[in-house]
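*Asks:*
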Amino acid sequence: MLKEYARFASDKTFELLAIDSPTGFTNAAAEWVAEQFTALGYLPTITKKGGVVVNIGADAGDGLLLEAHVDTLGAMVAEIKGNGRLRVTNLGGMRAENAETENVRVYTRDGKIIEGTLQLCNASVHVNGNYSDTKRSFDTTEVLLDEDVNSEDDARALGIEVGDVVAFDPRSRLTSSGYIKSRFLDDKLSVGILLAYAKYVKDNAVQLSRPVWIHVTVYEEVGHGGSASVPADITEAISVDMGCVGDGLKCTEKKVSICAKDSGGPYSYEVVGALIDAAKREGADYAVDVYPFYGSDVEATLRAGYDIRHGLIGAGVYASHGYERSHLDGVENTLKVLKGYVK
Ligand SMILES: [Zn+2]
Numbered sequence: 263m264l265k266e267y268a269r270f271a272s273d274k275t276f277e278l279l280a281i282d283s284p285t286g287f288t289n290a291a292a293e294w295v296a297e298q299f300t301a302l303g304y305l306p307t308i309t310k311k312g313g314v315v316v317n318i319g320a321d322a323g324d325g326l327l328l329e330a331h332v333d334t335l336g337a338m339v340a341e342i343k344g345n346g347r348l349r350v351t352n353l354g355g356m357r358a359e360n361a362e363t364e365n366v367r368v369y370t371r372d373g374k375i376i377e378g379t380l381q382l383c384n385a386s387v388h389v390n391g392n393y394s395d396t397k398r399s400f401d402t403t404e405v406l407l408d409e410d411v412n413s414e415d416d417a418r419a420l421g422i423e424v425g426d427v428v429a430f431d432p433r434s435r436l437t438s439s440g441y442i443k444s445r446f447l448d449d450k451l452s453v454g455i456l457l458a459y460a461k462y463v464k465d466n467a468v469q470l471s472r473p474v475w476i477h478v479t480v481y482e483e484v485g486h487g488g489s490a491s492v493p494a495d496i497t498e499a500i501s502v503d504m505g506c507v508g509d510g511l512k513c514t515e516k517k518v519s520i521c522a523k524d525s526g527g528p529y530s531y532e533v534v535g536a537l538i539d540a541a542k543r544e545g546a547d548y549a550v551d552v553y554p555f556y557g558s559d560v561e562a563t564l565r566a567g568y569d570i571r572h573g574l575i576g577a578g579v580y581a582s583h584g585y586e587r588s589h590l591d592g593v594e595n596t597l598k599v600l601k602g603y604v605k
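Residue 263 is where the sequence shown starts when you use the working numbering, and the numbers rise one by one after that.
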């Protein structure tokens, strides 16, 4: 039965992926998220910082917080060069090696969207003898605007200024075999999953025995997404964020990942154990893994001083912070764990 909700999660993820939301530029995406929860019959609020908070459970008791983030990697205009091209700086952990040749949208402060491409400086292989030897960084690449721009003044005449946000094309695709390919599945796929879970609760009139708050955070990619807006009754918080897939780890794109430890140390032994129990009860295909280079929203919540137990689950995502890939089965398995865990 959760298959149809996995499909719903995927559909919503694709809608959200179509709304650019590099970290620090998330208002449109957050408003969309709030509208989605409202359409499902809930009463979300938008926090001062710009995240979305909504209770889908009971009014009082021992509260559970589920956190997923709507902000993504991206870039910002750092300099308009004399030739009218743009030097950009990363927002979050965007990598030039991966962003090279991607189409971009530059958002000007007067509301225009200018298209371009992130290219190596002097990008023609027939002209540049150092093409293969050049280390890619945001200093050796530049945004080439698809407009008649040959000078700094030409770029400024389009309304472009330092501080403008640069969004990378996510190139979202769902294959006939169920693979979901896109940039920024981290963490829009999890937002889709939480929307699907909220729909499942509503459609089936599931009576949750405790408050179950969802916080769709912003600024996760720069480390302080989950550091505020924790409702008073929360005793437990679980990040729903991408599960790592790679050498030495057991998870695949078709599984749900339960994280036992990441760069911030071990997750709550009790919460991890209860997540494994839930996965077993629901027959979810899961993997328990240790993530070598990873931090999460719930760790930001703990560092902000909240007295909570913490956990992390998510659908497996390969090539994270690049052109990412997951699968409908991973989404369904994540929904199974949520169904089994949240009572
Ligand atoms: Zn993430």
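Ideal placement from N, C-alpha and C gives every residue a C-beta, glycine not left out.
Mind listing, in chain order, the continuous alpha helix (DSSP H) runs of no fewer than 4 residues lying wholly within the stretch 518–565?
*Replies:* Fully enclosed alpha helix (DSSP H) runs of 4 or longer: 531–544 and 559–565.
*Asks:* What does the Cβ neighbour count give for GLU594, buried or exposed, with the cut at 16 atoms within 10 Å?
*Replies:* Classification of GLU594: buried, given that the 10 Å Cβ count is 16 or more.
*Asks:* By the three-class DSSP mapping on this structure, what secondary structure does SER501 have?
*Replies:* It is a strand residue.
*Asks:* Can you determine whether any heavy atom of ligand 1 sits closer than 7 Å to the C-beta of ASP503, and answer yes or no?
*Replies:* Answer for ASP503: yes, Cβ within range of ligand 1.
*Asks:* How is ALA467 classed by DSSP in three states: helix, strand or coil?
*Replies:* Residue state, collapsed to three classes: coil.
*Asks:* Pull up the distance between the alpha-carbon of VAL339 and that of ALA330, whole angstroms please.
*Replies:* Answer to the nearest angstrom: the Cα atoms are 27 Å apart.
*Asks:* Which whole-angstrom value is the C-beta distance of VAL502 and GLU515, which I expect to be below 8 Å?
*Replies:* Contact flag wrong, Cβ pair sits at about 16 Å.
*Asks:* So is TYR267 in contact with chain B if we call contact Cβ pairs under 8 Å?
*Replies:* The displayed structure is made up of one protein chain only, and chain B is not part of it.
*Asks:* Are the beta-carbon atoms of VAL492 and THR563 separated by less than 8 Å?
*Replies:* Yes; because the gap between Cβ atoms is below 8 Å, this pair is in contact.
*Asks:* Less than 8 Å between the C-beta atoms of MET504 and LEU451, yes or no?
*Replies:* It is a contact, given that the beta carbons lie within the stated cut-off.
*Asks:* Taking the continuous beta strand (DSSP E) assigned at LYS274, which residues delimit it?
*Replies:* It is not in any beta strand (DSSP E) - LYS274 instead sits in the alpha helix (DSSP H) that spans 264–279.
*Asks:* Use the C-beta contact count for THR363: other C-beta atoms within 10 angstroms, 16 or more gives buried, fewer gives exposed.
*Replies:* With fewer than 16 other Cβ atoms within 10 Å, it is exposed.
*Asks:* Is the distance from the Cβ of VAL478 to the Cβ of VAL295 below 8 Å?
*Replies:* Yes, they are a contact pair.
*Asks:* Identify every residue that forms a DSSP beta bridge with PHE287.
*Replies:* Bridge partners of PHE287: none, in fact.
*Asks:* Would TYR556 and ASP524 be called neighbours here (beta carbons separated by less than 8 Å)?
*Replies:* Going by C-beta atoms, TYR556 is nearer than 8 Å to ASP524.
*Asks:* Straight-line CA distance for GLY584 to GLY303?
*Replies:* Looking at the two C-alpha atoms, the distance is approximately 35 Å.
*Asks:* Per DSSP, VAL366 is paired with what?
*Replies:* Paired residue(s): GLY378 and PHE430.
*Asks:* Please classify LYS443: does DSSP put it in a helix, a strand, or coil?
*Replies:* Note: LYS443 maps to strand in three-state DSSP.
*Asks:* Going by the beta-carbon positions, is the gap between CYS383 and THR351 smaller than 8 Å?
*Replies:* No. Outside cutoff.
*Asks:* Tell me the rounded alpha-carbon separation between TYR580 and ALA540.
*Replies:* About 24 Å.
*Asks:* Among TYR393, PHE287 and GLY319, which has the Cα closest to the Cα of VAL368?
*Replies:* For VAL368, the nearest C-alpha among the options comes from PHE287.
*Asks:* Count the CB pairs spanning the stretch 438–452 and the stretch 312–326 that are closer than 8 Å, and state whether there are at least three.
*Replies:* The stretch 438–452 is not in contact with the stretch 312–326.
*Asks:* Is ASP401 near ligand 1, judged by its Cβ being under 7 Å from some heavy atom?
*Replies:* No.
*Asks:* Considering only heavy atoms of ligand 1, does any lie closer than 7 Å to the CB of HIS388?
*Replies:* No, since every heavy atom of ligand 1 falls outside the 7 Å radius drawn around the Cβ of HIS388.
*Asks:* For LEU600, which residues of its own chain have a beta-carbon under 7 Å away from its beta-carbon, when the five flanking residues on both sides are left out?
*Replies:* These residues qualify, in order along the chain: TYR459.
*Asks:* Helix, strand or coil for THR396, going by three-state DSSP, please let me know.
*Replies:* Looking at THR396 - three-state DSSP - the assignment turns out to be coil, as it is neither helix nor strand.
*Asks:* So, using beta-carbon positions, are LYS517 and ALA549 closer together than 8 Å?
*Replies:* Closer than 8 Å, so yes.
*Asks:* Apart from the five residues on each side of it in sequence, which residues of its chain come closer than 8 Å, Cβ to Cβ, to TYR267?
*Replies:* Excluding sequence neighbours, TYR267 sits near ALA458, TYR459, LYS461, TYR462, GLU594 and LEU597.
*Asks:* Please state the DSSP three-state secondary structure of THR403.
*Replies:* If DSSP states are grouped into helix, strand and coil, THR403 belongs with the strands.
*Asks:* Could you give the first and the last residue of the continuous alpha helix (DSSP H) run that contains GLU359?
*Replies:* Start and end: 358–361.
*Asks:* Quick one: residues in its chain with C-beta nearer than 8 Å to the C-beta of LYS311, no 5 flanking neighbours on either side, listed in chain order?
*Replies:* The answer, listed in chain order, is VAL480, TYR481, ALA490 and SER491.
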